[in-house]
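Residue numbers (the numbering used here), protein chains in the order written: chain A, 860 to 1153; chain B, 860 to 1153; chain C, 860 to 1153; chain D, 860 to 1153.
Notes follow the structure.
4 protein chains.
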Amino acid sequence: MRGAKVHTSVTPNANELFVIPTRNLTETDKDYAVAFCIPLNTAGLKMIASPYGRGHESTFTHPVSSGHKMMETLTVFDDVFVPNDRVFLNGEWQFAGPLAKTFVEFHRFTAISYKLPLLDLLVGSALLIAEQNGIEKASHVREKLTWLISYAQTVRMLTKMAAIECTVKDGIAISNTQVVNIAKLHFASNYHQALMHVQDLAGGLLVTAPGEGDLKNPETLKYIDRYLGGSSGVSAEQRLRTLNMISDLTTSEFGGYQAVLAIHAEGSLEAEKLTILREYDQASAKNYARSILT
Amino acid sequence: MRGAKVHTSVTPNANELFVIPTRNLTETDKDYAVAFCIPLNTAGLKMIASPYGRGHESTFTHPVSSGHKMMETLTVFDDVFVPNDRVFLNGEWQFAGPLAKTFVEFHRFTAISYKLPLLDLLVGSALLIAEQNGIEKASHVREKLTWLISYAQTVRMLTKMAAIECTVKDGIAISNTQVVNIAKLHFASNYHQALMHVQDLAGGLLVTAPGEGDLKNPETLKYIDRYLGGSSGVSAEQRLRTLNMISDLTTSEFGGYQAVLAIHAEGSLEAEKLTILREYDQASAKNYARSILT
Amino acid sequence: MRGAKVHTSVTPNANELFVIPTRNLTETDKDYAVAFCIPLNTAGLKMIASPYGRGHESTFTHPVSSGHKMMETLTVFDDVFVPNDRVFLNGEWQFAGPLAKTFVEFHRFTAISYKLPLLDLLVGSALLIAEQNGIEKASHVREKLTWLISYAQTVRMLTKMAAIECTVKDGIAISNTQVVNIAKLHFASNYHQALMHVQDLAGGLLVTAPGEGDLKNPETLKYIDRYLGGSSGVSAEQRLRTLNMISDLTTSEFGGYQAVLAIHAEGSLEAEKLTILREYDQASAKNYARSILT
Amino acid sequence: MRGAKVHTSVTPNANELFVIPTRNLTETDKDYAVAFCIPLNTAGLKMIASPYGRGHESTFTHPVSSGHKMMETLTVFDDVFVPNDRVFLNGEWQFAGPLAKTFVEFHRFTAISYKLPLLDLLVGSALLIAEQNGIEKASHVREKLTWLISYAQTVRMLTKMAAIECTVKDGIAISNTQVVNIAKLHFASNYHQALMHVQDLAGGLLVTAPGEGDLKNPETLKYIDRYLGGSSGVSAEQRLRTLNMISDLTTSEFGGYQAVLAIHAEGSLEAEKLTILREYDQASAKNYARSILT
């Protein structure tokens, strides 16, 4: 095997690496129609890890990313030998498309499912900081909170419907591809707007707040306590912890990573659009329009 | 009874008129806490019908609205006498709110359910005219069609979920209020954008096409046939029929009526936003955010 | 001459008809590389007028469109003879592109200029009806009014800049093509959103209000006066006149005509996008990015 | 003097600190109606600097932020003595509003002016990476580039118009407040959308690319060169430098800082909306609408 794959996530944490085709292939591509599974320590298999987002160690300023980091690698096969008993596909190009499609269908459903806690956290953080900033009754704040709730809940309901409207093949439930892709596109194409609303409600302290050391130093803490306390008795520390969580989720390298993931991981915006158009029953829709005409 | 109600739809087609409070009332409002049901021909009951949208008789230029028109009235009660056995509420102000809310909950669910065929028709018409205009493979056309499909299907899936996530009280299923309102808001706040995309795909002939008489006159028909025929053998008449249907749905007074209905009927945009924010479990969302902080 | 042109506006009101190519041509298209000018009553020249939007005669319900209607025709040349002294181009295909482009450049600037009063009228009507409906101080109303103002003024400022940043050739000022197209795209891609906001502020009476006859009849007028009067002493008639103007501009066939014009007349959305990308100085922008890299 | 001000930018780099009121004051607030100027090393003046965004030292991974960082402080006045000859306002509450407004008017114009290079850099980077990724001719890529160009140029044109439509008072040009605020609102409310488009064009490597060390190590460089090179002979290093610049601008803490600045610095979204509505000539707009009615 010779080749490479960019952004393979958390591979260094795994024991075995599965490799499958990424798209439909024709007979002339048959050399690429391979699928196999090998241990990570196989000779010739190289992982070049990305340093992106590493190194934030303060649980105060980076409450989420200080403890969570997905390792991304450029994974290289430099003349890797794969034993026959680990080979699943070896030139059978007709199976490349179905295999790739099957993976995508399940993986994109996984994607919208695992994003729900992130969206809930954005909504919950927005509600919390609006309260701690003492602005939760302002009309424009309520408008933005409603937008965030509607966004998160629309993704949730579409995700549920994708599962409810599944088909069952050989005892395995396959979520509804069209609905999965509509959910993913809704999630992805509105994510940056959601970040804007959360940052809007949180305020500039997201990127200008004092650091951990200043809260531990009584000389500076007294000023922080006096001037940065929140609404209804919320301490400066509590409010700054909320702000730092939002900063970590939306303005840190972890936040940037999540934003890029939203539009690229588990399928790009354009891949989702293509799938929606392909999966929609266009003939029925046109027939319905024709039936009104006559 | 003395008072009036604007835009009461299809009342002249009914036999009986139900009247209920429209909102929460307090003790000082108790004179308004009335509910009753009377025949339409009761003395003192007046209906002033709107002439809006009347008078399009050609099934060619107005294939939908020539046969469909909801009558809207200003309904006036000019000292109307209501017999005791038709009275359901007579000053019991505590029941005004619950009664109004119950009506709205059911009515708004009806609203999103009955809009689905309209949205399907917009999608089907867009697919059909894109094909007849010979542009269905253009990249920007596919983008707009995908937007329309995603819009219609999102409203459909949210509507289904509102029913699936119902609660059952005394054997009666009550759809999920939060989801109903998210569906309605999604429908309403994107409807004009949908009109834009459909009109964009259809083209200027929506508002500049020849009329019925010119298709019946061989002298003009020969030019129309030569120059306005559609892609892949679609006749000028077929294409103009499709265009006229889209014009009727999006640029006629019927189209304008549907657009205003989208944002005002069965609750305004702002009423939907208020309901979403109120129905969302804010405490749980904030607790989830707090749980990540500690 | 043989051929046809769809949606030629107000041609029946003209004395002479100018004909020019609509796009770049190659040598093989040279038979289409013609430009000329002929009187409207030339033999073989036919105009098939569109009946769209005709017939609203009440200045009460249709204050604008009852007196204003652009006649649109399918204009057909059925073996029309053009005398030599009215011919400007006769096969010189190299001039087709420049001639078409020159026309478009001037015409699209005209387009954004003549739309400004329409946008001002939408803003003014929205402000007026918000006041007459007594809602002008509500936070969401102010938000929507601000959106409308920003929209109209952005188109105005871009239009002015297109003129200010002109180039002068042979004493003739040519507006800045890039800015013209950005202005036109901004106008066109937000017009339906503007309609939504105006309709939102006006309310359902746009499509359910009593007609002219009911205001002339004292029996019905007394109810209309009692129940449909506006805020701060505005009479029902005054308020209904404002509502009817907005209805005429946004929900009548005239309103539909304006909406389709916004996205199709004087260049489609896609034509504007192509022009913007082509007119932008991409090389300088890329060089600036490269200069930051090194 | 006693009090504090959050996010005072680059104060530690200054010699003198100017203090002015931030809003209109009434007589009861007269103790807050102060304006003065003092050296930064005055006793009792404390600056608590934010650690946000510090510590990226690689010019390879962080080409912009490794060399640029605005220091933000919580600036505290702990019983600071201000000599009489540095005092400009001392209880004259009538001047608080005008002084604050004057500052905001100039400062918000500065804001939109200094954002233009950032927007140009986003556009230039997007054009460059589209080319290096070999996707610049794809239809959806051209659509997104056109959006970015229109966005940046609209802000530029509005900024220019704000200067052109200035008023001159005592020889000092004051930019047009309404236009300034429309420009700022357009910039701020579309900035996150711009980030989405740039990230969309750049791809997932923004947050998964190899680091500087791996490019210096021949063992890993050979793989990077083989698999990550760009279109038309662009080396892997060149492409990664472009990607890292975009990552620095849009997904790093510097990128997060810029995003928060967009919506909070020099006035929030809501402050801009209030100003636009206040500065617009509502009476003329309503009169124009009235003139059409009669």
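Just so it is clear, CB atoms sit at the ideal spot from N, CA and C, and this is done for glycine as well.
Taking the Cα positions, Ile879/C is about 12 Å away from Arg945/C. As a beta-bridge residue in DSSP terms, Met906/D pairs with Thr934/D.
From the beta-carbon of Glu1002/D, the residues of chain C found nearer than 8 Å are Lys1132.
Within the segment 1112-1131 of chain A, the residues whose Cβ lies closer than 8 Å to any Cβ of chain D are, in chain order, Glu1112, Gly1114, Gly1115, Tyr1116, Ala1118, Val1119, Leu1120, Ile1122, His1123, Ala1124, Ser1127, Leu1128 and Glu1129.
Where Thr1036/C is concerned, the enclosing alpha helix (DSSP H) starts and stops at Thr1036 to Ala1061. Rounded to whole angstroms, Ala955/B and Ser917/C show a C-alpha spacing of 41 Å. Here Pro898/B is bridged, per DSSP, to Glu875/B. Annotation for Leu1087/B: Ala1095 place their beta carbon closer than 6 Å to its own, counting only its chain and skipping 5 residues before and after. Under the three-state reduction of DSSP, Val865/C is assigned to strand. For Val1000/A, the three-state secondary structure derived from DSSP is helix. In the three-state reduction of the DSSP assignment, Val923/B falls in the coil class. Under a criterion of Cβ atoms nearer than 7 Å, the residues of chain A adjacent to Tyr1147/B are, in order, Asp979, Leu980 and Gly983. When C-beta distances to chain D are compared with 8 Å, every residue of the segment 948-967 of chain A stays at or above that value. Cα atoms of Gly862/D and Tyr1050/D: separation of roughly 33 Å, rounded to the nearest angstrom. Remark: C-beta atoms of Leu1060/C and Ala985/C approach each other more closely than 8 Å. Asn1146/A sits in a helix when the DSSP states are folded into three classes.
Among the CB atoms of chain A, one or more fall inside 8 Å of the CB of Ser909/D. Contact annotation: the segment 960-973 of chain A does not touch the segment 886-906 of chain A, with fewer than three C-beta pairs closer than 8 Å.
Close to His999/B, with beta-carbon spacing below 8 Å, are these residues of chain D in chain order: Ser998 and Glu1002. For Val935/C, the nearest CB of chain B lies under 8 Å from its own CB, placing it at the interface with that chain. Val982/D and Arg1149/C have their alpha carbons spaced roughly 12 Å apart. By the criterion of a C-beta distance shorter than 7 Å, Leu1017/C is surrounded in its chain by Val1038, Ile1041, Ala1042 and His1045, once the five residues flanking it on both sides are discounted.
In the structure shown, the three-state DSSP call for Val1027/A is strand. Of the candidates Cys896/C, Asp1029/C and Met906/C, Met906/C places its Cα closest to the Cα of Val865/C. Under DSSP, Val1066/C shares a beta bridge with no residue.
The Cβ of His927/A sits no closer than 8 Å to any Cβ of chain D. DSSP places Asn943/C in the helix class (H, G or I) of the three-state scheme. In chain order, Met929 and Glu931 place their CB closer than 6 Å to the CB of Ser868/B, counting only its own chain and leaving out the 5 sequence neighbours on each side. Apart from sequence neighbours up to five positions away, the residues of its chain that approach Tyr1116/C with a beta-carbon distance below 6 Å are Gly912, ordered along the chain.
Burial check for Ile1122/A: the Cβ neighbour count within 10 Å reaches 16 or more, so the residue is buried. Asn949/C carries a strand assignment under DSSP once its states are collapsed to helix, strand and coil. Annotation: the continuous alpha helix (DSSP H) that includes Pro1077/B extends over Pro1077 to Leu1087. Taking the Cα of Phe947/A as reference, the smallest distance to any Cα among Lys960/A, Phe895/A and Leu978/A is reached at Phe895/A.
Taking 7 Å as the upper bound on Cβ-Cβ separation, chain B lies near residues His1051, Gln1052, Leu1054, Met1055, Gln1058, Asp1059, Gly1062, Gly1063 and Leu1064 of the segment 1049-1064 of chain C. Around Tyr1010/B, no beta-carbon contact reaches into chain C at under 8 Å, the shortest distance being about 13 Å.
If you draw a straight line from the Cα of Ser1127/A to the Cα of Ala1047/A, it comes to about 9 Å.
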